[in-house]
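In the working numbering, the protein residues as written are 110 to 393.
Let me begin by presenting the structure, written as structure tokens, before commenting on it.
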Ligand code: HEM
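Quick look at the structure:
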């Protein structure tokens, strides 16, 4: 019988461990992000500019981040790779292009300096928010897609404006800042039936619900305006509320990243479980 020496066994074991670790490392790649500011040549922040990835060494999310009053933007859920990132104004003119490397689980910084004269007030991405069941071209300041679910957002000093759209004729929902799974999420559900939109300001008391209306939990209904539309197999829900409603069943939203959960169901029954759900963030 062939004998394998002890040293040989150690080498084989180490080699196997290295191969396994290498394999693990390949599967441990986490998404990261790109953040930064857009300023003009005088160092002044430029709000209302659209920043998006236009090409990359790997697949990238189709996220359009809009700079806030501090000129700040952030693109999340970016896999490791090298990307070309463009800045454009509300008229679609490209006014900056830079590249950035994203490493596993890290957020890289990419700042843009753009010539002042190229940014006219009219070209900024801003349009008054309207509860009309339509996503205007410049109505929202940020948007993200999770498969067939899309969320758009905007905010000012006092209010939050949200638009959600999903490929369903059933309910669609967003949950803000859960503690774990669905628990403690400040939820807003909506659906359209026979042309009429119903919305519910709810709160999930458990990890998998229930999510009763705030009013049944001793709170208040804080949706100030809303609308919805069902078209071509898609449902859109838009709503407005205060960033800080004062109701303990609503989460206060702050500038920067706010965690969300999203979901949609196949029917209008609000107690029927989702067909799709997931995690994400909105960047105010
Ligand atoms: C309509 C009633 C709902 C019911 C009965 C329900 C029930 C459940 C159940 C049983 C699970 C665990 C199984 C699974 O992962 O699919 C789950 C997970 C989840 N649900 Fe819901 N859900 C409801 C509404 C919502 C809403 C409105 C949202 C978001 C706004 C949501 C977000 C999530 C998320 C993110 C998970 C994954 C949690 C994890 O990481 O395991 N759910 N839900």
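Ideal Cβ placement from N, Cα and C applies to all residues, glycine included.
What you are looking at is a predicted structure, and each value in this text was computed from that prediction instead of being measured.
Identify whether residue 200 lies in helix, strand or coil by the three-state DSSP scheme.
In the chain shown, residue 200 corresponds to position 91, counting from 1. DSSP places residue 200 in coil when its eight states are reduced to three.
Leaving out the 5 sequence neighbours to the left and right, which residues in its chain are closer than 8 Å to residue 131 when beta-carbon positions are compared?
Taking the first residue of the chain shown as 1, we reach residue 131 at position 22. Here the model assigns residue 131 a pLDDT of 41, short of 50, so the residue's position is not dependable and the matter cannot be decided.
Whether residue 160 touches residue 221 by CB criterion (9 Å):
As a working mapping, residue 160 is identified with position 51 in the chain shown. As a working mapping, residue 221 is identified with position 112 in the chain shown. Yes.
With distance defined between alpha-carbon atoms, name the residue in 239, 318, 304, 250 nearest to residue 180.
Taking the first residue of the chain shown as 1, we reach residue 180 at position 71. For the residues 239, 318, 304, 250, the minimum Cα distance to residue 180 belongs to 250.
If the criterion is Cβ atoms closer than 9 Å, does the pair residue 361 and residue 331 meet it?
In the chain shown, residue 361 corresponds to position 252, counting from 1. In the chain shown, residue 331 corresponds to position 222, counting from 1. No, the Cβ-Cβ distance between residue 361 and residue 331 is not below 9 Å.
Through-space distance from residue 363 to residue 286, alpha-carbon basis:
The residue given as residue 286 occupies position 177 in the chain shown. The residue given as residue 363 occupies position 254 in the chain shown. A direct Cα-Cα distance of roughly 11 Å separates residue 286 from residue 363.
Between residue 150 and residue 219, what straight-line distance do the alpha-carbon atoms span, to the nearest angstrom?
Along the chain shown, read from residue 1 onward, the residue named residue 150 stands at position 41. Along the chain shown, read from residue 1 onward, the residue named residue 219 stands at position 110. If you take the alpha carbons of residue 150 and residue 219, they lie about 16 Å apart.
Please state whether the Cβ-Cβ distance between residue 191 and residue 210 is less than 9 Å.
Here residue 191 refers to the residue found at position 82 of the chain shown. Here residue 210 refers to the residue found at position 101 of the chain shown. Yes, they are a contact pair.
Please identify the residue among 256, 223, 273, 324 whose C-alpha is closest to the C-alpha of residue 241.
Position 132 of the chain shown, counted from the first residue, corresponds to residue 241. The candidate whose alpha carbon is nearest that of residue 241 is 273.
Residue of 354, 215, 254 minimising C-alpha distance to residue 144:
Walking along the chain shown from the start, residue 144 turns up at place 35. Minimum Cα distance to residue 144 is reached at 215.
First and last residue of the uninterrupted beta strand (DSSP E) at residue 250:
As a first step, residue 250 must be located in the chain shown, where it is residue number 141. Bounds of any beta strand (DSSP E) do not take in residue 250, whose DSSP letter is neither H nor E.
Alpha carbon to alpha carbon, how far is residue 392 from residue 317?
Locating residue 392 in the chain shown gives position 283, where the first residue counts as 1. Locating residue 317 in the chain shown gives position 208, where the first residue counts as 1. Between residue 392 and residue 317, the C-alpha separation is close to 25 Å.
For residue 183, is the classification buried or exposed, using 16 other Cβ atoms within 10 angstroms of its Cβ as the cut-off for buried?
Taking the first residue of the chain shown as 1, we reach residue 183 at position 74. Buried is the call here.
Does the beta-carbon of residue 206 have 16 or more other beta-carbons within 10 angstroms, so that it is buried, or is it exposed?
Position 97 of the chain shown holds residue 206. It counts as exposed.
Output needed for residue 313: all residues of its chain with C-beta closer than 8 Å, excluding positions within five of it in sequence on either side, in chain order.
Taking the chain shown and counting its residues from 1, the one referred to as residue 313 is at position 204. If we look at residue 313 and ignore the five residues flanking it on each side, its Cβ neighbours are 284, 287, 291, 292, 293, 294, 296, 319, 320.
Can you confirm whether the stretch 267–281 touches the stretch 363–377 when touching is taken to mean that 3 or more C-beta pairs between the two stretches lie within less than 8 Å?
Short answer: they touch.
For residue 66, which residues of its own chain have a beta-carbon under 6 Å away from its beta-carbon, when the five flanking residues on both sides are left out?
The chain is shown from 110 up to 393; residue 66 falls before or after that span and cannot be answered.
CB of residue 317 to nearest heavy atom of the ligand HEM: below 8 Å?
Residue 317 sits at position 208 when you count from the first residue of the chain shown. For the ligand HEM, at least one heavy atom lies less than 8 Å from the Cβ of residue 317.
Contact set for residue 339: own chain, Cβ-Cβ below 7 Å, skip 5 residues either direction:
The count along the chain shown starts at 1 and reaches residue 339 at position 230. Cβ neighbours of residue 339 beyond the five flanking positions: 278, 301.
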